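Everything on this sheet refers to the single structure shown next.
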Amino acid sequence: MNRIPVNQVTTGLVADVINFSTVDGPGNRFVVFMQGCNFDCVACHNPQTIPGHAPVEGHHPVRVEIDDLVAQIRRAAPFIRGITVSGGEATQQPAFLHALFTAIKADPDLSRLTCFVDSNGACNQATWDYFAPVMDGAMLDLKCFDSTIHKAMTGHSNEQVLASIAHLQKIGLLYEVRLLLLAGTNDDPALLCKTAEWFAGLDPNMRLKIIGFRSHGARPQTPPLIEPTSEALHVAADLFNTVARFTIQVV
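All letters in the sequence shown, in the order written, are residues 1 to 251 by our numbering.
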């Protein structure tokens, strides 16, 4: 098992921050978007965070000091419930994320804030165990339960993603799993049933979020990716609920 070096990291490469968000975890949250990602998703809305992609006008990732970031969080603290570190991919800068959460937990005025990670799940168990003492929960994306389709969608196997979901569920730190549906790509009913059965084997009450792909803001593809209808998303949710009584949100 790989080990994560514990060192005194004081800066991280940050793509952006949002002072107040209601869609990045429970309650109103301060969100840090890290620069860098190990996936190359066809449906990505933030390709400028992926190494090697063309820069986007107005996008200027910067080195941010943890003390400066904590100062920003302190100003927002009266109005938020917690902090979410997203991306890009948050786990690509593990020492920075750990140091940030450690600073939050050690601060008497901020320690009430929950610390969440929003991740694609493509990291090893040692990374999650490294975060566990200072992390309150993780939200993981699963692009597809079928590894071949997953690789076509992301350029990466889903082996680590599935292992991350299982491990976080086991240690009580899996807040929710997010399923992005692309019409005609990963929405086959038989495949969704297999996915639901696997989830139910981990936790029949698992929190799931079914998200329909939206072309607005996504990078163009040839042929174009197809948005699922609202009806199709609810049909998928109903299918999941025939397997187990998951807690499901459709967006």
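Quick reminder that beta carbons are idealized off the backbone N, C-alpha and C, glycines included.
Quick caveat: nothing in here was measured; it's all calculated off a predicted structure.
query	result
Where does the unbroken alpha helix (DSSP H) through Glu89 begin, and where does it stop?	Premise fails: Glu89 is in no alpha helix (DSSP H) and is neither H nor E.
Just the C-alpha distance for Pro78 and Ile104, rounded to the nearest angstrom, thanks.	14 Å
Applying the 10 Å Cβ sphere with the 16-neighbour rule, what's the burial state of Ser86?	buried
Have a look at Thr114 and Ser230 and give me their C-alpha separation to the nearest angstrom.	32 Å
With DSSP collapsed to three states, give me the class of Thr247.	strand
For Glu176, tell me which candidate among Pro224, Ala236, Val250, Ala126 has the shortest Cα-Cα distance.	Val250
For Asp129, which three-state DSSP category applies?	helix
Please state if the CB of Thr154 and the CB of Glu65 are separated by a distance shorter than 9 Å.	no
Given that a residue counts as buried once 16 or more other Cβ atoms are within 10 Å of its Cβ, and exposed if not, what is Ile171?	exposed
So what does Ala138 bridge to, in DSSP terms?	Val117, Leu174
Report the residue from Asn46, Gly27, Ile248 whose alpha carbon sits nearest the alpha carbon of Ala254.	Here the chain comprises residues numbered 1 to 251, so residue 254 is not present and cannot be evaluated.
How far does the alpha helix (DSSP H) with Val70 in it reach, from first residue to last?	66-76
Scan the region 144-189 and note each continuous alpha helix (DSSP H) run of 4 residues or more that stays entirely inside, going in chain order.	147-154, 159-170
Please tell me whether Ala106 has its Cβ less than 9 Å away from any Cβ of chain D.	Annotation note: the requested chain D is absent from the structure, which comprises a single protein chain.
Please report the straight-line C-alpha distance between Asn241 and Lys194, rounded to a whole angstrom.	13 Å
Decide if the region 201-218 is in contact with the region 27-40; the criterion is three or more beta carbon pairs, one per stretch, under 8 Å apart.	no
Rounded to whole angstroms, what is the Cα-Cα separation between Leu179 and Gly217?	19 Å
Please state whether the Cβ-Cβ distance between Phe96 and Pro26 is less than 9 Å.	no
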